[in-house]
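The sequence shown lines up with residues 3 to 476 when you count with full-length UniProt numbering.
Single-structure report; data block below.
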Amino acid sequence: TTALVWLRRDLRLFDHHALYQALKEADQVVLAFVFDTTILKDLPKHDRRVEFIWEALKEIKTELRQYNTDLVVRHGDPLTEIPALVEQFGINAVYCNHDYEPQAIARDGYVAVTLKEKGVQFNTYKDQVIFEKDEVLTQTGGMYSVFSPYKRTWLAKLTDKDLASFPVNHVIKNLKPLKSQYFPSLKELGFAKTNLTQLKVPLGMSGGEKLFEDFKRRISDYKDARDFPAIKGVSYLSAHIRFGTVSIRELARFAHEHGGAGAETWLSELIWREFYAQILWHRPDVVEHAFKPELDTLPFPNHPELFAAWCAGETGYPIVDAAMRQLTQTGYMHNRLRMITASFLIKDLLVDWRWGEKFFAEHLLDYDLASNNGGWQWAASTGCDAQPYNRIFNPTLQSEKFDPQGKFIRRYVPELAELPDAAIHAPSEFSANDRRGSLFVSFLEQTDYFPPIVNHAEQRAAALTMYKMHKGYA
Ligand code: FAD
Numbered sequence: 003t004t005a006l007v008w009l010r011r012d013l014r015l016f017d018h019h020a021l022y023q024a025l026k027e028a029d030q031v032v033l034a035f036v037f038d039t040t041i042l043k044d045l046p047k048h049d050r051r052v053e054f055i056w057e058a059l060k061e062i063k064t065e066l067r068q069y070n071t072d073l074v075v076r077h078g079d080p081l082t083e084i085p086a087l088v089e090q091f092g093i094n095a096v097y098c099n100h101d102y103e104p105q106a107i108a109r110d111g112y113v114a115v116t117l118k119e120k121g122v123q124f125n126t127y128k129d130q131v132i133f134e135k136d137e138v139l140t141q142t143g144g145m146y147s148v149f150s151p152y153k154r155t156w157l158a159k160l161t162d163k164d165l166a167s168f169p170v171n172h173v174i175k176n177l178k179p180l181k182s183q184y185f186p187s188l189k190e191l192g193f194a195k196t197n198l199t200q201l202k203v204p205l206g207m208s209g210g211e212k213l214f215e216d217f218k219r220r221i222s223d224y225k226d227a228r229d230f231p232a233i234k235g236v237s238y239l240s241a242h243i244r245f246g247t248v249s250i251r252e253l254a255r256f257a258h259e260h261g262g263a264g265a266e267t268w269l270s271e272l273i274w275r276e277f278y279a280q281i282l283w284h285r286p287d288v289v290e291h292a293f294k295p296e297l298d299t300l301p302f303p304n305h306p307e308l309f310a311a312w313c314a315g316e317t318g319y320p321i322v323d324a325a326m327r328q329l330t331q332t333g334y335m336h337n338r339l340r341m342i343t344a345s346f347l348i349k350d351l352l353v354d355w356r357w358g359e360k361f362f363a364e365h366l367l368d369y370d371l372a373s374n375n376g377g378w379q380w381a382a383s384t385g386c387d388a389q390p391y392n393r394i395f396n397p398t399l400q401s402e403k404f405d406p407q408g409k410f411i412r413r414y415v416p417e418l419a420e421l422p423d424a425a426i427h428a429p430s431e432f433s434a435n436d437r438r439g440s441l442f443v444s445f446l447e448q449t450d451y452f453p454p455i456v457n458h459a460e461q462r463a464a465a466l467t468m469y470k471m472h473k474g475y476a
């Protein structure tokens with residue numbers, strides 16, 4: 003029998019559940035990837051994710067060529083491309099790993115039915131999480147909507163088996179021999195190279211491994227260092243986790259076996275990811291709507307010019323502007339800054355969280371529907387286990403606490419690089435309040451930097467009123 007392994011968000015050739023099963027059960031295995039035109043058609047030409055995927059596939063191709071086979075790459079709609087590949091290679095069964103996003107579930111359901119009509123099996127496996135959809139439930143069999151008890155149950159359920167690899171190296175000889183296959187260039191796909199190489203973002207399986215090896219040495223410091231964007235305190239693995247160029251089992255196993263406060267905190271973050279994934283699976287309506295239905299229609303004024311200033315990193319709040327520029331210039335934003343910028347958009351600029359969610363979705367290299375939606379609904383106080391609506395981040399205090407010397411700000415807002423530490427968090431306030439103020443007033447007049455677009459205290463009060471007046475809190 004011949005099996006087709008359809009790669010999606012699992013772009014690696016090790017510890018791979020679907021590939022493991024296919025190699026075990028079929029005589030010959032073909033690996034394929036489809037550049038999905040239904041997704042790609044809406045993306046800008048310089049989309050870093052397309053390049054990230056393309057590079058990961060190139061590495062897979064190079065490795066497969068060593069086994070006298072190749073990766074089969076198509077550019078089209080998987081609903082027709084997968085059945086076409088089945089015909090072309092005389093496939094008896096298609097293997098792939100679960101995807102929990104609503105559109106992917108619909109796509110897979112359709113493909114499964116089409117294949118069944120042809121007498122071809124469609125076999126799917128858990129791979130991108132340790133525990134999926136309904137494996138961690140409350141005692142009454144319901145979904146958890148609070149993180150702490152979810153995490154407790156998740157940890158209590160964990161056994162070595164859940165963290166064990168699905169090794170593929172020893173059976174990889176079952177791959178169907180293929181001569182070199184067509185591999186479209188980025189240009190042929192309608193895309194162009196981005197600044198990923200310039201940014202030295204480690205790519206593909208080898209890049210994921212490099213980052214993980216580096217982080218292993220730093221994991222003990224994670225708890226203390228993770229909140230400071232100017233420090234190399236986090237793993238930077240998110241895009242690799244998103245596209246499966248690393249194995250979640252390897253990561254979780256390392257953290258679990260390592261132990262200690264740093265590793266435990268990091269494992270907890272991996273559990274947050276699974277928490278949001280199961281929320282999306284149980285409540286696909288969160289894609290468009292508030293998790294708390296009573297807060298779905300908060301009357302945000304949604305001023306387009308405030309939103310535009312936020313997107314451009316021109317709000318006059320240095321930490322917010324630095325973070326937004328990091329996002330658009332690199333495709334990454336530090337977690338603390340995601341919380342600060344999201345809170346600022348929603349509760350200082352009074353813009354609907356869905357606008358910010360969409361902007362992040364367009365720019366994040368690690369964009370993940372479940373985590374992004376969860377993060378935004380947390381900040382908007384509309385989600386499960388969310389930030390209480392009356393706890394509103396003060397961007398200046400956050401800046402002083404988490405970027406005390408303004409190192410991060412200086413990197414992305416070079417206009418302010420010359421300001422002393424004490425002035426960098428709120429330059430205009432500093433000029434007004436400090437006896438050296440007049441010096442800074444003239445400094446600010448000479449720079450291109452912006453005065454604050456809103457007054458935090460006033461906007462905070464307006465946000466509190468909006469939430470309080472809304473029927474959800476009445
Ligand atoms: P580390 O601190 O090293 O964490 C390791 C991994 O744990 C991350 O790679 C990620 O997979 C997971 N993780 C960490 N924090 C969270 C979290 N709060 N929720 C869910 N998973 C988490 N993460 C995404 O992967 N994609 C997104 O689209 C995304 N959007 C977000 C939007 C907002 C408004 C907020 C507040 C958070 C968002 N996050 C998202 C979560 C988090 O900010 C990123 O996962 C993290 O910054 C990635 O950097 P890292 O890999 O160095 O993280």
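Built from N, CA and C at the ideal position, the CB exists for glycine as well.
All of these numbers come straight from a predicted model, not from anything done at the bench.
- Residue range A95 to N99 is occupied by the beta strand (DSSP E) that includes A95.
- Here the alpha carbon of T299 sits roughly 39 Å from the alpha carbon of T82.
- Check the Cα spacing between D162 and each of F91, L180 and A254: the tightest is with A254.
- The segment 405 to 413 and the segment 376 to 388 do not touch, with fewer than 3 CB-CB distances between them shorter than 8 Å.
- Take H260, set aside five residues on each side of it, and the residues of its chain with a beta-carbon closer than 7 Å to its own are I221, in chain order.
- For N457, the CB stays at least 8 Å from every heavy atom of the ligand FAD.
- Distance from the CA of E402 to the CA of H458, rounded to the nearest whole angstrom, comes to 15 Å.
- Here F410 carries a helix assignment [DSSP, helix/strand/coil].
- Checking the DSSP bridge columns, you'll see W8 partnered with A34.
- For R285, there is no enclosing beta strand (DSSP E), as DSSP marks it with neither H nor E.
- By the C-beta criterion, the segment 239 to 254 is judged not to be in contact with the segment 100 to 114, since fewer than 3 inter-stretch pairs fall below 8 Å.
- A Cβ-Cβ separation of about 7 Å places Q461 in contact with L352 under the 8 Å criterion.
- With a minimum length of 3 residues, the unbroken runs of beta strand (DSSP E) contained wholly in the segment 48 to 84 fall at 73 to 78.
- The C-alpha of L269 lies about 35 Å from the C-alpha of A95.
- A distance below 6 Å between beta-carbons, with the five flanking residues on each side excluded, links D38 to the following residues of its chain, in chain order: P80.
- In this structure, the C-beta of V236 approaches the ligand FAD to less than 8 Å from one of its heavy atoms.
- Excluding residues up to 5 positions away in sequence, D164 and A254 lie with their Cβ nearer than 6 Å to the Cβ of I132 in the same chain.
- Burial is judged here by how many other beta carbons sit within 10 angstroms of a residue's own beta carbon; E215 has fewer than 16 and is exposed.
- By the CB criterion at 9 Å, A263 and K225 fall inside the cutoff.
- In the three-state reduction of the DSSP assignment, F362 falls in the helix class.
- According to the DSSP assignment, Q123 belongs to the beta strand (DSSP E) that extends over Q123 to Y127.
- Here the alpha carbon of R10 sits roughly 43 Å from the alpha carbon of L466.
- Under DSSP, the beta-bridge partners assigned to L177 are V31.
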